[in-house]
Amino acid sequence: MRWSDKEAGQTSTYLSTVDKRLWLSKAFYASFYVAIGALFPYLPVYFKQLKLSSHQNGILIGIRPLIQFCVTPLWGACADRFCKSKAIFLLSVLGWLVSNFSLSLVPVNDDPRLCDVYDTKNEDEISFEKTHTSLHKLMRNTSYPNIITHQRARKQNFYSRVSPYLDTTVPFIPITFRDFRDVCSITSPVRDKILGGLKDQDHWKDKPEVDIVKLQPSGQESSQDSTSGIMTSGKHVSCNSKEFLFLLLVTIIGTIISAPAQALADTVTLQSLNSETQNYGRVRLWGSLGWGIGGFSVGAAVSTNYHTNHCGEIVIDYGPCFYVYAAGMSVAFLCATQFQFDQETSDADNLKTKRITDGLKVFHSPQFCFVLFIAFFCGSATGFIETFLFWYLHELGGGQLLFSVINGLNCAAEVCVFFVTDKLLCFLGHINVIYLTLFCYFVRFIYFYFVESPWVVLPAELLQGITTAAFWSSCVSYVGLHPGASNTVQGILNGVYMGLGFATGGFLGGLLVHVAGMKISFLLYALASFCLLLIFVVINKINKK
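In the UniProt record's numbering, the protein residues as written are 1 to 545.
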C-alpha cells in the first residue's frame, strides 16, 4: 500500500512536470509566432515600398531559408555533440529578436527628387530649369549628342519634346529625375560622361513636368531625330543599392545565428510528449493562434496608418509591425530561459559522437528520404505563396485590411486542423495526409491562377490548414524522436522544409515572376503539385505490390 502511494506520488509529480513543460512550449509558440505573424507576412510589401525590385525582394526572402537549410543541421549536430542545446537555443532566439528588428532601420525613400510618373500622352515632355551656364555646361560635357540635343540655352526655362520610340514592343520605364546624381538607370560610362562636370547644385525643375523618359536596354543612344532619351527595359528604376546591401547583410548574419530556434523548440516539445508525438499538433496550434492574432491585429493597425508623399504615392508606416515583433520575441526569449532539454540532465558523455552518426543513418531509409523530398516541395510552395501572394493581391488592388483577413483565416484553419491532427493521422496515416496536402496545393494554386479580384482569394486560404498544419504535424510525428540524435534529425527536417524549400520558393518564385509573370507561376506550381501527387501514388502502389 505504501509502495502504491509512493508510486502514485511519483506519477503525479511526473505528470505535473510534463504539464508545466508543455505549457512552457505553448507559451513559447504563442509569443514566438505572434512576432512572426506581425512582421513576416508584410515584409514583401515593406520591401516593395522601399523601392526594391521583385528580384531583390526574392533574394531577401529566399536567402533566409537557404541559410537555414545549410546551418540548422550543423547547429543541431553541435547541440547533440556538446550537450549545449539550451545555450544555442537562447542565442538563436536572441538572434531572431535583434536581426529582424534591425530591418526597420532602413528609412522609406520619401525623397521628392525621384518619382514614378505614368505616360498618358503620345509625346513625352522633358522640362528643365537651368541657368544658361549650367545647361550649356551639361551639353558641352557629353560626347553623346543624342542624349540631349546640343544647343545653347538662352532662356531660364528650357523645354523640348521627345518623339516616341518607333518600336512599341520595348517596355518603357516611367520616371522623373530631379537630381542628376539620382540618374542611376544610365550605365556607368554614359553617366560619367554626362554628370562628370556638374556641381551638386545643378538640378532639374522642382515641379515634375515629365510624363515619361524612354530608355533602351543596352544604355545606347537613340537614333531619333530631335531630342532623344536613353532607352532601357524594365518596370522600375532603383537607386537603393546601399539599402539593399544593408538588408542583405543583416538578413545573412541574423539568419545564421537564429536558424536552429524552431528545430530546438520542436525537439524540447517532443521530449515533453515522450511517446505521444501524435499530440504535437495540440501544442503547436498555439503557435498558429499567436500568428493569426499578431498578423490580424497589426494588419488592422497599419491599414489606417499611412500618408501621401511628394510623388502622390501612399506610404504605409510599418513601425507597428516591428514593435509588436520585438515585444512578442522578447516574451519568447523569457519562455526559452525556462526550458530544460533531456540530454542536459542525463549522463550522455559517451554518446556524443554516436548521436551524430545515428542522425545520419536516417538517410538509409527510403521512407525518410521520401518524406524529405515531399517536405522540400511543400516548403517551396509555401515559400512562394508567402513571398508573392500579398504582392500579387496588392497589384490587384488589395490592401492591408485584406491581408489581415487572410492572416485571420489562415490562423483559424491551422488552429482547427492542428487540434484534430492526432485523429487525422490515426484515421488516414502519414502517407495519405501527404497525398491530401499535394492535392490541396494543386487546388490552391489553380484557384490563384483564375482569381481576378483580390477578395475572391479568401476561400482558398482555408486550405492553409491542410497544406501547413496537417502536413507539418505529419512530418514531425513521423520523424519523431530519433534515438540519440533528436536535434540532428529535427534540424535536417526543418532545414529541408523551412530552409531549402522556402529558399527555392523565394528564388525560383522571383525568377518565374520576372520571366513568366505571376499568373503563369501559379499555374506551374499547380501542375507540379498534381504531377508529384500522381507520381507518388503510383510509386507507393508499386512498393506495396
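For each residue, glycine too, the CB sits at the ideal point set by N, CA and C.
Assuming G95 and I257 form a contact by the criterion Cβ under 8 Å, report the distance between their Cβ atoms to the nearest whole angstrom.
3 Å
Counting along the chain, where does the beta strand (DSSP E) carrying V315 start and finish?
Per DSSP, V315 belongs to the beta strand (DSSP E) from I314 to I316.
Work out the CA separation of L532 and V538 for me, nearest whole Å.
A direct Cα-Cα distance of roughly 10 Å separates V538 from L532.
Do three or more CB pairs link the region 425-436 to the region 327-345 at distances below 8 Å?
no
Taking DSSP as the reference, what is the three-state secondary structure of L274?
According to the sequence displayed, residue 274 carries Asn and not Leu. DSSP places N274 in coil when its eight states are reduced to three.
Which of the three DSSP states, helix, strand or coil, is assigned to G501?
helix
Do A375 and E414 have their C-beta atoms within less than 7 Å of each other?
no
Which residue marks the beginning of the alpha helix (DSSP H) containing A326, and which one marks its end?
Note, A326: alpha helix (DSSP H), G319 to A336.
Within a Cβ cutoff of 7 Å, which residues of the same chain sit near L103, ignoring the five residues on either side of it in sequence?
L247 and V250
Please determine whether the Cβ atom of T251 lies at a distance below 6 Å from any heavy atom of the ligand ATP.
The ligand ATP is not part of this structure, which contains no ligands at all.
Would V537 count as contacting chain D if we go by Cβ distances under 7 Å?
Within the model displayed, chain D is absent; a lone protein chain is all it includes.
Can you give me the Cβ contacts of C411 inside the same chain, cut-off strictly under 8 Å, excluding the 5 residues immediately before and after it?
G37, S288, L289, W291, G292, I293, G295 and F296
Below 7 Å between beta carbons: does that hold for H55 and H514?
yes
May I ask which residues mark the beginning and end of the alpha helix (DSSP H) holding W472?
F471 to V479
Can you give me the C-alpha to C-alpha distance between L372 and D266, rounded to a whole angstrom?
17 Å
In three-state DSSP terms, what is R454?
Per the sequence shown, the amino acid found at residue 454 is Pro instead of Arg. Of the three classes helix, strand and coil, the one that applies to P454 here is helix, per DSSP.
Does DSSP put Q68 in a helix, in a strand, or in coil?
It is helical.
On the three-state DSSP scale, how would you describe L52?
coil
From A30 to W286, what does the alpha carbon distance come to, in whole angstroms?
Those two C-alpha atoms are separated by around 5 Å.
How many whole angstroms separate the CB atoms of residue 549 and F322, which I take to be in contact at a CB cut-off of 8 Å?
Given a span of 1 to 545 for the chain in the structure shown, any question on residue 549 remains unanswerable.
Answer yes if the region 65-73 comes into contact with the region 438-446, meaning at least three C-beta pairs across the two stretches below 8 Å, and no otherwise.
no
Taking all protein chains shown into account, decide if N407 is buried (16 or more other Cβ within 10 angstroms of its Cβ) or exposed.
buried
So the candidates are N540, L105, L60 and L52; which of them puts its Cα closest to the Cα of P366?
N540
Can you give the Cα-Cα distance for R21 and S272, rounded to whole angstroms?
6 Å
Residues in its own chain within less than 6 Å of A300 by CB, not counting five upstream and five downstream?
The answer, listed in chain order, is S404.
If contacts are defined as beta-carbon pairs under 8 Å, then V302 and I316 qualify, I think. What distance do you get, rounded to the angstrom?
6 Å
Which class does C83 belong to by DSSP, given the choice of helix, strand or coil?
DSSP places C83 outside both helix and strand once states are collapsed to three, so it counts as coil.
Of the choices S380, S521 and V457, whose alpha-carbon is the least far from that of I63?
S380
Assign I535 to buried or exposed, taking buried as 16 or more other Cβ atoms, counted over all protein chains shown, within 10 Å of its Cβ.
exposed
Would L402 pass as a contact of P454 if the rule is Cβ separation under 7 Å?
yes
Would you call the CB atoms of F384 and G505 closer than 7 Å?
Yes, these two residues count as a Cβ contact at 7 Å.
Between the C-alpha atoms of S474 and K544, what's the straight-line distance to the nearest angstrom?
21 Å
Buried or exposed for I434, please, with buried defined as at least 16 other CB atoms from any protein chain shown within 10 angstroms of its CB.
buried
Would V93 and A336 qualify as a contact pair, given that the criterion is a beta-carbon distance under 7 Å?
yes
Distance check for F450 and L24, CA to CA, integer angstroms please.
43 Å
Is the beta carbon of L264 less than 7 Å from the beta carbon of F28?
no
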